[in-house]
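One structure is given below, encoded as structure tokens.
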Amino acid sequence: MIRPRLKMRLGDLLVHEQIITEEQLEQALAAQKSSGRKLGATLVDLGVIAEPQLLRFLAQQLNVPFLDISQRRIAPETATLLPEVYARRYRALVIEDNGDSVLLGMSDPADLSGLDQLGPILGSKRIDLAVVQESQMLEAFDTVYRRTQDIANFAEQLDEEYQEGEEFELNALDDSTSDATVVKLLQSIFEDAVQVRASDIHIEPDEKMLRIRQRVDGVLQENILDHVKIASALVLRLKLMSGLDISEKRIPQDGRFNIKVKGHSIDVRLSTMPVQNGESVVMRLLDQSAGLLTLDQTGMPAPLLRKLRETLKRPHGMILVTGPTGSGKTTTLYGALSELNQAQNKIITVEDPVEYRISRINQVQVNSKIGLSFANVLRTTLRQDPDIIMVGEMRDQETVEIGLRGALTGHLVLSTLHTNDAITSAMRLIDMGAPPYLVASSLRAIIAQRLVRRICQNCQQPYEADEQERAWVRYLQPHLADAQFYQGRGCNSCNHTGYKGRIGVFELLEMNEDMMDALRQSDTQAFAQAAKNNPDFSPLSHMAMDYAQQGITTLDEVFKVAEYVPEVVNN
Numbered sequence: 008m009i010r011p012r013l014k015m016r017l018g019d020l021l022v023h024e025q026i027i028t029e030e031q032l033e034q035a036l037a038a039q040k041s042s043g044r045k046l047g048a049t050l051v052d053l054g055v056i057a058e059p060q061l062l063r064f065l066a067q068q069l070n071v072p073f074l075d076i077s078q079r080r081i082a083p084e085t086a087t088l089l090p091e092v093y094a095r096r097y098r099a100l101v102i103e104d105n106g107d108s109v110l111l112g113m114s115d116p117a118d119l120s121g122l123d124q125l126g127p128i129l130g131s132k133r134i135d136l137a138v139v140q141e142s143q144m145l146e147a148f149d150t151v152y153r154r155t156q157d158i159a160n161f162a163e164q165l166d167e168e169y170q171e172g173e174e175f176e177l178n179a180l181d182d183s184t185s186d187a188t189v190v191k192l193l194q195s196i197f198e199d200a201v202q203v204r205a206s207d208i209h210i211e212p213d214e215k216m217l218r219i220r221q222r223v224d225g226v227l228q229e230n231i232l233d234h235v236k237i238a239s240a241l242v243l244r245l246k247l248m249s250g251l252d253i254s255e256k257r258i259p260q261d262g263r264f265n266i267k268v269k270g271h272s273i274d275v276r277l278s279t280m281p282v283q284n285g286e287s288v289v290m291r292l293l294d295q296s297a298g299l300l301t302l303d304q305t306g307m308p309a310p311l312l313r314k315l316r317e318t319l320k321r322p323h324g325m326i327l328v329t330g331p332t333g334s335g336k337t338t339t340l341y342g343a344l345s346e347l348n349q350a351q352n353k354i355i356t357v358e359d360p361v362e363y364r365i366s367r368i369n370q371v372q373v374n375s376k377i378g379l380s381f382a383n384v385l386r387t388t389l390r391q392d393p394d395i396i397m398v399g400e401m402r403d404q405e406t407v408e409i410g411l412r413g414a415l416t417g418h419l420v421l422s423t424l425h426t427n428d429a430i431t432s433a434m435r436l437i438d439m440g441a442p443p444y445l446v447a448s449s450l451r452a453i454i455a456q457r458l459v460r461r462i463c464q465n466c467q468q469p470y471e472a473d474e475q476e477r478a479w480v481r482y483l484q485p486h487l488a489d490a491q492f493y494q495g496r497g498c499n500s501c502n503h504t505g506y507k508g509r510i511g512v513f514e515l516l517e518m519n520e521d522m523m524d525a526l527r528q529s530d531t532q533a534f535a536q537a538a539k540n541n542p543d544f545s546p547l548s549h550m551a552m553d554y555a556q557q558g559i560t561t562l563d564e565v566f567k568v569a570e571y572v573p574e575v576v577n578n
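All residue numbers for the sequence shown refer to the working numbering, where the first residue is 8 and numbers rise by one.
Dropping the structure here:
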């Protein structure tokens, strides 16, 4: 094994090469004494030198290559030659396996004690060193050290235990058996989901296989297990954790529980549904340790945010947040509640379920089994002297009417509605049975929103739109017809998808006299025309297209938001 050494101490070398000054070195050494971090990391933390510059210098002095691994595909079977615990401890990653040798990337190749520890673990293979940026290495860890192999191994072990006898399900009920295979399997599933930032986990039994799917940035990723018989054991354990009826498999059930995963406190909302081959389970993961997003963090543009805040200052009226499931409506509502949550405001929420707990706000969990419906709770809420009411969802005529009357009688009412855009939302309230005059008098503003995937900034590259895409762009935003657009090539940072994270796309429709007149007459066309004539109204597709032109998202994501395909594109 090659053990490269620096001819001088790092700090003296940097001063000798006039990369830093004596004063900067003394400052870093003083900071190092209090932090205990290595000198190189301290210099980077202080902003004296950039990490890539420092690593290139180190690579040159040690006569080893400096590698950019952000675009390199590293096979999991190669990386796992070094167990994850050692890889993370010593910031080391096996990049290539060349048979009798391995290419080992390290963020600090001068760490000789670390090299001594890693040598025996890698066996008789010769170690060729390379310098790798630590941030790139950490991103690669999350990609190559997935829990998929652990999940497969525990699933196989659980399947073998199941074959031993029919008493397995009864054994699974013993919650004190913390080392039970089913617990380890579930722990691996949750760890993998948190690692890839999944918002949902789907467990779906098929005839001959078990599908475990994770929704990452709005898109499902699938992992298939051959051991379909273990599905009942997983469902049993999850029902126990949620406090559900384990003997009932014929009807859907909903529950929730909290778990700790990798230092994160995860609130899990669970829903079961009987299907042909057993029970399907979907779990929504809410990271309580991440905290609530503020309105400023939602990605709402400044002009729209300013108008929304002006509307929120009004003493009464209804504000609706609309969009399909998973579009971030609840996040926006909670962001608004956080700003309104002041000592002088009495705030009551009616939710199903309560997703985030907020101090000072009175949050009520709907329970239809005991008659605690949205409408019943809302009636009581109006007698509790509230200033602001948040209704989780406008689900039926009774809830809509009570909410609108509450908004008309001096309360600020916030709620959500499942519609595609802001213009159709007001008419949807009338379709649900609300009197048109009541909608016109109470409704103040409607926010429609979607979540689009962000292009990974680490592998962003220009994208040349084809003629059909250009035709659509000309229809949506004519002035952007010749704009430059972008896409992600795929890298370790984004798990080779080209996307990393999501951002909100919004439209805000504020009611004016023309729109209110159209609502009173239930005139859908007049209302839509009045909304489009409003100079302050900008539809979702315009904001999404602006994001595409700025390199934030792709045209594919824009076209998902702009659901209507004009004939000029099809012909």
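Idealized CB from N, CA, C, for every residue including glycine.
Residue i burial status per 10 Å Cβ neighbour count (16 or more: buried)
i, result
"M280", "exposed"
"I208", "buried"
"D438", "exposed"
"R80", "exposed"
"G505", "buried"
"E564", "buried"
"E176", "At E176 the pLDDT is 47, less than 50, meaning the model places this residue with poor confidence; the figure from the coordinates comes in the next sentence. Exposed is the call here."
"P212", "buried"
"Q156", "exposed"
"L136", "buried"
"D181", "Confidence at D181 is low in this model, with a pLDDT of 47, below 50, so the placement of that residue is unreliable and no value is reported for it."
"A309", "exposed"
"L385", "buried"
"L562", "buried"
"I196", "buried"
"Q25", "exposed"
Residue j beta carbon less than 8 Å from that of residue i
i, j, result
"V71", "L100", "no"
"Q372", "E358", "yes"
"G511", "T305", "yes"
"L277", "R263", "yes"
"R457", "L547", "yes"
"A472", "R481", "no"
"Y97", "Q124", "yes"
"M397", "L340", "yes"
"L69", "P116", "yes"
"Q391", "I354", "no"
"S345", "T301", "yes"
"L515", "A433", "no"
"T560", "A569", "no"
"L411", "M522", "no"
Residue(s) in a DSSP beta bridge with residue i
i, result
"Q372", "E358"
"R291", "D207 and R276"
"L247", "Answer is none; L247 lacks a bridge partner."
"F264", "V275"
"Q228", "Q221"
"L110", "E103 and D135"
"Y97", "Answer is none; Y97 lacks a bridge partner."
"F492", "Y470"
"L487", "Note: L487 sits in no beta bridge, so no partner."
"R364", "Per DSSP, none; premise fails for R364."
"P212", "L217"
"I237", "DSSP, once it has assigned bridges, lists no residue as partnering I237."
Inter-residue CB distance, residue i and residue j (contact presumed, cutoff 8 Å)
i, j, result
"Q556", "A478", "Q556 to A478, Cβ: 16 Å. No contact."
"G47", "L20", "Wrong, their Cβ atoms sit about 11 Å apart, outside the cutoff."
"L389", "G417", "With a Cβ gap of about 10 Å, L389 and G417 do not count as contacting."
"T423", "G399", "7 Å"
"L445", "E408", "7 Å"
"F73", "A66", "4 Å"
Delimiting residues of the alpha helix (DSSP H) encompassing residue i
i, result
"K507", "Careful: K507 lies outside any alpha helix (DSSP H), inside the beta strand (DSSP E) at Y506 to E517."
"V446", "P443 to S449"
"Y470", "Segment Q467 to Y470 is the beta strand (DSSP E) holding Y470; no alpha helix (DSSP H) there."
"L424", "From DSSP, L424 is part of no alpha helix (DSSP H) but of the beta strand (DSSP E) over L419 to L424."
"I128", "L119 to I128"
"I196", "T188 to Q202"
"V581", "Look at the range of the chain in this structure, 8 to 578, and you will see that residue 581 is not part of it."
"M144", "E141 to V151"
"R16", "No alpha helix (DSSP H) contains R16, which DSSP labels as neither H nor E."
"Q532", "T531 to N540"
"D553", "L547 to Q556"
Residue span of the beta strand (DSSP E) that contains residue i, given as start and end
i, result
"G324", "G324 to T329"
"D52", "Where D52 is concerned, there is no enclosing beta strand (DSSP E), although the alpha helix (DSSP H) it sits in stretches over L46 to D52."
"I395", "I395 to V398"
Min CB distance residue i to chain C below 8 Å
i, result
"I354", "The structure shown contains no chain C; it holds only a single protein chain."
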